[in-house]
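Asks:
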Amino acid sequence: AQSVTQLGSHVSVSEGALVLLRCNYSSSVPPYLFWYVQYPNQGLQLLLKYTSVATLVKGINGFEAEFKKSETSFQLTKPSAHMSDAAEYFCAVSGYNNNDMRFGAGTRLTVKP
Amino acid sequence: EAQVTQNPRYLITVTGKKLTVTCSQNMNHEYMSWYRQDPGLGLRQIYYSMNVEVTDKGDVPEGYKVSRKEKRNFPLILESPSPNQTSLYFCASSPYPGGDQPQHFGDGTRLSIL
Chain Y
1338 AQSVTQLGSH VSVSEGALVL LRCNYSSSVP PYLFWYVQYP NQGLQLLLKY TSVATLVKGI
1398 NGFEAEFKKS ETSFQLTKPS AHMSDAAEYF CAVSGYNNND MRFGAGTRLT VKP
Chain U
479 EAQVTQNPRY LITVTGKKLT VTCSQNMNHE YMSWYRQDPG LGLRQIYYSM NVEVTDKGDV
539 PEGYKVSRKE KRNFPLILES PSPNQTSLYF CASSPYPGGD QPQHFGDGTR LSIL
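In the order they appear, the protein sequences are chains Y and U.
In the working numbering, each number is its position in the first sequence, counted from 1, plus 1337.
In the working numbering, each number is its position in the second sequence, counted from 1, plus 478.
This is the structure in structure tokens:
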């Protein structure tokens, strides 16, 4: 069975500062890992996914994530935050089938001017 | 434009009055699913469908029904809604059920059951 823990329900950064969102997962099989972003009044949009090809994955909007098997983590980063990055971010883990997909509780990112 | 469309976007109703939330995708996806989103709990899967006429329970199926008679449509039915079903609901789809497939989400339906 898969499960996800996102560390920190709220993260606040200044514009131009590093964004770092943490995610730890548990999986009984080699995992597929995803980061999604949710803007107000919208559905989730895929930022990036890890499918065991490369441990550093680049996504949209300047985000990237690193898979660390030894730490069972999938950390999302962006070197320089922009006001438009303010949103809620969800980490998700999946096994062999999509119905195994489990989402974290979400991290709300605030960007201060 | 490729999309997942949910209707209605917002609904306020009363306990016990049957309601249906429709979901339609125009991408010919095999896999579709329903989630509810509650603060502090993330998204929890209600039901999913691997293909036409193939549906199964997710983690929180109590009080909900679904059907998949056509590939593009996957309605969520609340036969006798109760206040604990007040939530934000999302329909999602993916090309096939493989775990490596990201899901495409609708914009959500906010249900309030009084």
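Each residue gets a CB set at the ideal place from its N, CA and C atoms; glycine is no exception.
These numbers come from a predicted model, not from an experiment.
Grab me the residues of Y:Ala1423's own chain with a C-beta within less than 7 Å of its C-beta, minus the 5 sequence neighbours each way, in chain order.
Replies: Leu1446, Thr1447 and Val1448
Asks: With distances taken from CA atoms, which of Y:Lys1415, Y:Tyr1369 and Y:Lys1406 is nearest Y:Ser1351?
Replies: Y:Lys1415
Asks: Just checking, does the region 483-490 of chain U make contact with the region 1398-1409 of chain Y on the three C-beta pairs under 8 Å criterion?
Replies: no
Asks: Compare the beta carbon distance of U:Ile591 and U:Pro553 with 8 Å and say whether it is the shorter of the two.
Replies: Not a contact, by the Cβ cut-off of 8 Å.
Asks: Are three or more beta carbon pairs between the region 1426-1436 of chain Y and the region 575-584 of chain U nearer than 8 Å?
Replies: Segments in contact, yes.
Asks: Alpha carbon to alpha carbon, how far is Y:Cys1360 from U:Lys476? Give it in angstroms, no decimals.
Replies: Past the boundaries of the shown model lies residue 476 of chain U; chain U is included only from 479 to 592, so the question cannot be answered.
Asks: For the region 516-543 of chain U, list every residue whose C-beta sits within 9 Å of some C-beta in chain Y, in sequence order.
Replies: In summary, the residues of the region 516-543 of chain U whose CB is separated from some CB of chain Y by less than 9 Å are Pro517, Gly518, Leu519, Gly520, Leu521, Arg522, Gln523, Tyr526, Met528, Asp534, Gly536 and Asp537, in the order they occur in the chain.
Asks: Quick one: which chain Y residues come within Cβ less than 7 Å of U:Ser572?
Replies: Those are Asn1435, listed as they occur along chain Y.
Asks: What residues match up with U:Lys496 in a beta bridge as DSSP calls it?
Replies: U:Lys496 is not bridged to any residue.
Asks: Using a 10 Å radius around the Cβ and a threshold of 16 neighbouring Cβ atoms, would you call U:Thr587 buried or exposed?
Replies: buried
Asks: Check each candidate in U:Tyr513, U:Pro517, U:Gly518 and U:Leu519 and name the one with the smallest Cα separation from U:Tyr446.
Replies: A query on residue 446 of chain U cannot be resolved here, the shown segment of chain U reaching from 479 to 592 and no further.
Asks: Helix, strand or coil: how does DSSP classify U:Gly536 here?
Replies: coil
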